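Chemist: First the structure, then my questions, so here it is.
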Amino acid sequence: MVLWRKKPFVSPTAVITPSSPKIDLRPASPRAARGYASSPACSIYSVCGDEAWISQEDMDHLRQLSEVHHPAPQNGDPYGKGVRLLPPGCKVGRLVGEGAANAVFELVLPDGSYLYHQNSRSLTHLSLADMRCAGLLLRVAKAPIDGDRPRFNYLQQYQYYCTHIKPILGSYILHQELVILRDANLIDPINDFLRAIDHQRDLKFRGTFIEPSEWGFLVEDMQPHDPETTILVEFKPKWLSQSPNAPKNAIRCRQCAKELYSYIVDPQVGKPVPTKAKPCPLMIGNDASNPAFTDSVCRRVPSTDKRRKRLNSTLDVLRNEPAFKTLRLAQEANDHVGPLKADKKDAQFALAMTLRDCTCFAQVLTTPTQQQDSFKPLKIRFGDFDMKMPEFKLTYWRTIEEQLIKGGFYTADMIYCRGQFYRPPTKCYLERGRPTRPMEELEVIHLQEPQQKNGVDSLPPTMKSMTHAIHTDVNLMEKCLEHYKVRKPEGSQKG
Numbered sequence: 013m014v015l016w017r018k019k020p021f022v023s024p025t026a027v028i029t030p031s032s033p034k035i036d037l038r039p040a041s042p043r044a045a046r047g048y049a050s051s052p053a054c055s056i057y058s059v060c061g062d063e064a065w066i067s068q069e070d071m072d073h074l075r076q077l078s079e080v081h082h083p084a085p086q087n088g089d090p091y092g093k094g095v096r097l098l099p100p101g102c103k104v105g106r107l108v109g110e111g112a113a114n115a116v117f118e119l120v121l122p123d124g125s126y127l128y129h130q131n132s133r134s135l136t137h138l139s140l141a142d143m144r145c146a147g148l149l150l151r152v153a154k155a156p157i158d159g160d161r162p163r164f165n166y167l168q169q170y171q172y173y174c175t176h177i178k179p180i181l182g183s184y185i186l187h188q189e190l191v192i193l194r195d196a197n198l199i200d201p202i203n204d205f206l207r208a209i210d211h212q213r214d215l216k217f218r219g220t221f222i223e224p225s226e227w228g229f230l231v232e233d234m235q236p237h238d239p240e241t242t243i244l245v246e247f248k249p250k251w252l253s254q255s256p257n258a259p260k261n262a263i264r265c266r267q268c269a270k271e272l273y274s275y276i277v278d279p280q281v282g283k284p285v286p287t288k289a290k291p292c293p294l295m296i297g298n299d300a301s302n303p304a305f306t307d308s309v310c311r312r313v314p315s316t317d318k319r320r321k322r323l324n325s326t327l328d329v330l331r332n333e334p335a336f337k338t339l340r341l342a343q344e345a346n347d348h349v350g351p352l353k354a355d356k357k358d359a360q361f362a363l364a365m366t367l368r369d370c371t372c373f374a375q376v377l378t379t380p381t382q383q384q385d386s387f388k389p390l391k392i393r394f395g396d397f398d399m400k401m402p403e404f405k406l407t408y409w410r411t412i413e414e415q416l417i418k419g420g421f422y423t424a425d426m427i428y429c430r431g432q433f434y435r436p437p438t439k440c441y442l443e444r445g446r447p448t449r450p451m452e453e454l455e456v457i458h459l460q461e462p463q464q465k466n467g468v469d470s471l472p473p474t475m476k477s478m479t480h481a482i483h484t485d486v487n488l489m490e491k492c493l494e495h496y497k498v499r500k501p502e503g504s505q506k507g
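So in the numbering used here, spot 461 of the sequence shown is number 473, and the numbers just go up one at a time.
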C-alpha cells in the first residue's frame with residue numbers, strides 16, 4: 013500500500029511551555045516562526061493558559077506535560093515536542109484503518125501538502141520515498157456506544173503514552189503527538205464520510221462514528237512507499253506469556269484459548285480458524301521453528317505469490333526482534349495475579365492490559381533491493397497504546413477468563429459434536445511436543461444447541477473424560493470443523 017503526497021512540506025509545531033500560575037494558548041512570536049519552514053496552512057502556538065474551551069482537567073495534563081515532557085524550546089526552536097494547530101480548510105483523505113475505539117485517516121492541509129514527522133527537518137535532502145515514510149496520519153476516537161467505555165481524553169492518553177509507554181519501548185514506539193482540531197472543523201465531514209461508506213466497512217464497525225473533540229492525534233504513517241518490494245505486516249502480539257490464572261494443565265496459552273473460544277461461541281461463515289486468525293504469542297520471541305506464526309501473519313498474501321518464501325524468512329527474523337522480549341518482560345512485571353485476582357485500582361495491572369492490546373507494525377521486504385538484501389525488517393513500531401480502565405473493563409476480563417477455564421478452552425484435547433470427534437483447530441506453542449494424556453484424563457468440549465439440555469447426545473459410555481458443555485450453532489460448527497474430524501479420541505492407555 014502506498015500513500016502518495018503531492019509535495020514535501022514541513023509543518024511548524026506548537027510549543028507547550030511551562031507557565032505560572034496559568035496556561036494559555038496563543039500564537040508564538042513571528043520571530044520563532046521565521047526561523048523554520050512555515051505555511052499559512054498551520055500555526056505555531058505556545059500554551060500559557062486561560063482558554064475557556066480547555067477544561068481544568070486538560071489544563072492539568074498540559075501543565076504536567078510542559079513541566080516534564082515539553083521543556084521550553086531553545087533559541088525559539090519550534091521543533092521540540094509540541095502541539096500542532098490544524099487550520100480551517102483541511103481535508104480528510106481515505107480511511108486508512110479503524111478499530112472498535114478509533115479510526116485513522118489521511119490528512120491534507122489547505123495548500124494541498126501533507127504533515128510530516130516533527131523530527132524530519134531536512135526534507136529537502138530526502139528522497140521522495142523517504143519523505144513518504146516521514147508522514148503523519150490523523151487518529152481520532154469513536155463515540156462510546158451505550159456506555160461501553162468512558163469518553164476518550166486525548167490529554168490524559170497522551171500523558172500516559174509519554175510517562176508509561178515510551179520509557180518501556182523507546183525507539184520502538186510509534187510516533188504519536190497531540191493536534192488541536194478546534195479550528196479545523198473536521199469531525200462533521202469525517203462522520204459524513206463514514207456514513208457514505210458505511211456499507212463498505214467491516215460489519216462490526218458499521219454505525220460507529222467519531223466523537224466531537226477539540227483534540228486529536230497525529231500518528232506515524234507506516235504504509236510502505238514501494239508496494240512492489242515492501243509490505244506492511246500488522247498484528248497484535250497480545251499476551252506474550254501465559255495468564256497467571258490459567259490451569260496448571262493448560263495446553264493452550266491465554267490468546268490461543270481466547271481464539272478457540274471466539275471461534276466456537278461466535279461461529280461465522282468465512283471466519284478464519286484460530287491457526288490462521290492470529291499468531292500464537294508464545295511463538296513470538298521463541299527460538300523454536302515457527303510455521304504457525306508465518307502462516308497466520310501471511311494469511312492475506314496469496315499462496316501463489318513468488319515472494320512467499322522470502323517473506324516467511326523475514327517474518328522468522330521479525331518474531332525474534334528484541335522489542336518483543338522487552339514487551340513481554342513489561343507485561344510480566346506488571347501483572348502477577350491475572351484478571352481473576354486483580355484490583356480495579358491496580359495501576360500496574362492496567363498497564364499490563366494496555367501492553368497486551370497494542371499493535372505491531374513492521375515494514376518487511378518481499379523482494380531484495382540494491383540497498384538491502386537481508387531478511388531483517390526495515391522498520392518496526394508498536395502503537396495503539398490506549399490506556400485501559402479497569403473500573404470499566406475488569407468485569408469483562410474476569411468473565412472471559414472464567415469462561416475460558418470453565419469451558420475447557422485452555423485444557424480440552426478434543427471437540428465432540430453430534431457423535432463425531434474433532435481436533436481443536438489450534439496450533440499453540442504449548443501443544444507442541446506435549447505427552448499424550450491417558451484416555452481417562454482427556455478433556456472434551458461438547459458442542460450443543462442452545463436449547464439442548466446437558467447430557468443429551470452424551471459421549472460414548474466407554475469414555476470417562478471430563479466434558480465441558482458449550483452451547484452454539486451446531487449446524488454451522490459442523491461445517492467449520494469438517495477438516496478436523498478424527499476417528500476416535502487420541503490418548504494413551506494405562507498399563
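Quick reminder that beta carbons are idealized off the backbone N, C-alpha and C, glycines included. Note that the structure is predicted; figures quoted are calculated from it, not measured.
(1) What are the boundary residues of the alpha helix (DSSP H) that includes C492?
(2) Tell me, to the nearest whole angstrom, how far the beta carbon of Q188 is from that of H73; I am working on the premise that it is less than 8 Å.
(3) Just to confirm before moving on: does the CB-CB distance between G395 and F373 stay below 9 Å?
(4) Evaluate the contact criterion for the region 169-184 versus the region 238-256: three or more CB pairs, one atom per stretch, below 8 Å.
(5) For the candidate residues Q464, T338, N346 and R499, whose alpha-carbon lies nearest to that of T484?
(6) If we require 4 or more residues per run, which alpha helix (DSSP H) segments fall completely within the region 336-413?
(7) Please return the same chain residues whose Cβ sits closer than 6 Å to the Cβ of Y441, not counting the five positions on each side in sequence.
(8) Would you report the Cα separation of E226 and E414, rounded to the nearest angstrom?
(9) Quick check: what's the CA-CA separation for V152 versus I222?
(10) How should V116 be labelled, buried or exposed, when 16 other C-beta atoms within 10 angstroms of its C-beta is the threshold for buried?
(11) Are at least three pairs of beta-carbons, each pair with one atom in the region 193-201 and one in the region 428-436, less than 8 Å apart?
(12) Would you check if there are 3 or more beta carbon pairs closer than 8 Å linking the region 338-349 to the region 360-369?
(13) Round the Cβ separation of V277 and I482 to the nearest angstrom and send it over; I've been treating them as touching at under 8 Å.
(14) Please classify P259: does DSSP put it in a helix, a strand, or coil?
(15) How is the alpha helix (DSSP H) around Y170 delimited, first residue to last?
(16) Determine whether the beta carbon atoms of Q254 and R266 lie at a separation below 9 Å.
(17) With distances taken Cα to Cα, identify the nearest neighbour of E511 among E452, N487, T366 and P450.
(18) Let's test the definition: count the other Cβ atoms within 10 Å of the Cβ of A64 and tell me whether it reaches 16, buried, or not, exposed.
(19) Going by DSSP in three states, F433 sits in which element: helix, strand or coil?
(20) Near H211, which residues of its chain fall below 7 Å by C-beta distance, leaving aside the five closest residues on each side in sequence?
(21) In whole angstroms, what separates the C-alpha of N6 from that of M451?
(22) Taking the alpha helix (DSSP H) that R266 falls in, what are its first and last residues?
(23) Could you check the C-alpha separation between T371 and E110 for me, to the nearest Å?
(24) What do you reckon, are the CB atoms on L272 and P402 nearer than 9 Å?
(25) Determine the direct distance from the alpha carbon of E333 to that of D233, and round the result to whole angstroms.
(26) Could you check where the beta strand (DSSP E) with F229 kicks off and where it finishes?
(27) Which first and last residues belong to the alpha helix (DSSP H) in which I509 is found?
(28) Please report the straight-line C-alpha distance between V231 and M365, rounded to a whole angstrom.
(29) Could you check what DSSP says for I157 in three-state terms: helix, strand or coil?
(30) Return the first residue and the last residue of the alpha helix (DSSP H) that R207 is part of.
(31) Just how far apart, CA to CA, sit L149 and Q235?
(32) Mapping DSSP to helix, strand and coil, what is G419?
(33) Go through its chain and collect everything with a Cβ distance to I157's Cβ below 6 Å, but skip five positions before and after it.
(34) How is E118 classed by DSSP in three states: helix, strand or coil?
(35) Pull up the distance between the alpha-carbon of L352 and that of F205, whole angstroms please.
(36) Quick check: Y434 and V376, are their CB atoms within less than 9 Å of each other?
Modeler: The structure says:
(1) V486 to C492
(2) Going by Cβ atoms, the distance from Q188 to H73 rounds to 15 Å, so no, they are not a contact pair.
(3) yes
(4) no
(5) Q464
(6) 359-367
(7) C292, L294 and M295
(8) 40 Å
(9) 7 Å
(10) buried
(11) no
(12) yes
(13) 7 Å
(14) coil
(15) Y166 to Y172
(16) yes
(17) Not covered by the structure: residue 511. The range shown for the chain is 13 to 507.
(18) exposed
(19) strand
(20) none
(21) Residue 6 is absent from the model: the chain starts at 13 and stops at 507.
(22) R266 to V277
(23) 12 Å
(24) no
(25) 21 Å
(26) W227 to E232
(27) In the structure as shown, the chain starts at 13 and stops at 507, and residue 509 therefore has no counterpart that could be examined.
(28) 21 Å
(29) coil
(30) I199 to A208
(31) 10 Å
(32) coil
(33) none
(34) strand
(35) 42 Å
(36) no
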